[in-house]
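Numbered by the numbering used here, the letters in the sequence shown go through residues 500 to 697 in order.
Even glycine gets a Cβ: it sits at the ideal position worked out from N, Cα and C.
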Amino acid sequence: MKNLKMWVLLMPLLLLSVFWGYQNHRQFVRCREANQELMQELKKASGLIKTEHRFLEEGGRLTAPLDLPLLDGQLLNLELTETCLLIFISTSCPACLEVALDIYSDFRQSEEKGLQIISVSRNSAQELASIAVERNWPMPIAHDSTGQLHRLFRIEGLPSVVLIESGVIRLIANALSIDRRLPELKEMISAALPAQPD
């Protein structure tokens with residue numbers, strides 16, 4: 500009799516737990532199927548993104564002028580016919596800033612011949628404005644707030660330099676290769692710019 504009472508009391512609990520387990524299992528199966536569908540969509544989308552947002556390497560060519568947003572709100576338009584040296588920096592890296600200033604001092608005479616030297620950073624506009632004032636920054640600073648330029652040229656280490664001549668990416672050097680490639684950069688800039696009349 501006691502066993503019968505116990506079964507009567509436990510039976511609804513057993514049925515409830517079986518029902519609850521079944522419902523959870525069905526929900527789990529639906530979630531798993533939805534996740535598999537999402538993963539398939541992500542794989543398809545990543546394939547599209549890779550082809551749409553490709554990066555440029557040395558020898559690559561820009562297909563349109565570069566519009567660089569400057570700190571003062573102006574938009575600097577680099578035409579495909581110009582020669583430009585982009586120096587990628589970070590305000591949190593004092594060594595990057597020093598290297599950028601050294602590179603600028605090496606090539607500032609070339610500005611008279613038409614070379615544009617522009618520093619590029621993803622830091623906040625406030626940090627960049629502070630550096631510009633504190634260090635009396637001698638070159639324009641392009642604010643790459645979205646990181647688009649960093650992705651376009653695949654900038655990973657800072658400082659990095661990118662030389663663009665008539666829309667062609669002539670040189671990309673990062674922190675590990677700048678010193679080694681500096682003579683090559685000097686030759687490329689000299690060849691790209693008109694000679695000064697004697």
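Taking DSSP as the reference, what is the three-state secondary structure of residue i?
i: Ala674; result: coil
i: Leu514; result: helix
i: Met687; result: helix
i: Lys549; result: With a pLDDT of only 42 at Lys549, under 50, the local geometry of the prediction cannot be trusted, and the value read off the model is given with reservation. Three-state DSSP puts Lys549 in a helix.
i: Asn502; result: helix
i: Arg525; result: helix
Considering residue i, what are the terminal residues of the beta strand (DSSP E) in which it resides?
i: Phe587; result: Thr582 to Phe587
i: Leu574; result: Leu574 to Leu577
i: Leu567; result: Leu565 to Pro568
i: Leu662; result: Ser659 to Glu664
Among the options, which one has its Cα closest to the Cα of residue i?
i: Glu581; options: Ile668, Leu651 and Gly656; result: Ile668
i: Ala599; options: Arg679, Trp636, Glu683 and Gln647; result: Trp636
i: Ser706; options: Gln522, Leu596, Leu508 and Asn576; result: The question about residue 706 has no answer, for the chain in this structure spans 500 to 697.
i: Val660; options: Arg634, Ala631, Ser516 and Ile688; result: Ile688
i: Lys612; options: Glu626, Leu692, Ile640 and Leu508; result: Leu692
i: Asn656; options: Ala672, Ile630 and Lys504; result: This sequence places Gly at residue 656; Asn is not what is there. Nearest option by C-alpha distance: Ala672.
i: Ile663; options: Arg679, Glu633 and Leu585; result: Leu585
i: Leu684; options: Gly646, Glu556 and Ile602; result: Ile602
i: Asp678; options: Leu577, Asp605, Met505 and Gln573; result: Asp605
i: Arg621; options: Asn576, Gln573 and Ser591; result: Ser591
i: Ala594; options: Leu565, Pro658 and Phe652; result: Pro658
i: Ser589; options: Arg653, Pro639, Ile630 and Met505; result: Ile630
i: Leu575; options: Phe652, Glu610, Pro639 and Ala628; result: Pro639
i: Ala641; options: Ala628, Glu556 and Ala694; result: Ala628
Less than 8 Å separating the Cβ of residue i from some heavy atom of the ligand ADP?
i: Pro637; result: The model on display carries no ligand, and the ligand ADP is accordingly not part of it.
### Query
Along the chain, which unbroken stretches of the alpha helix (DSSP H) at least 4 residues long are found entirely within the segment 592-657?
593-606, 624-633 and 647-651
### Query
Touching or not, the segment 560-577 and the segment 664-681, by the rule of three or more beta carbon pairs under 8 Å?
Yes, the segment 560-577 is in contact with the segment 664-681.
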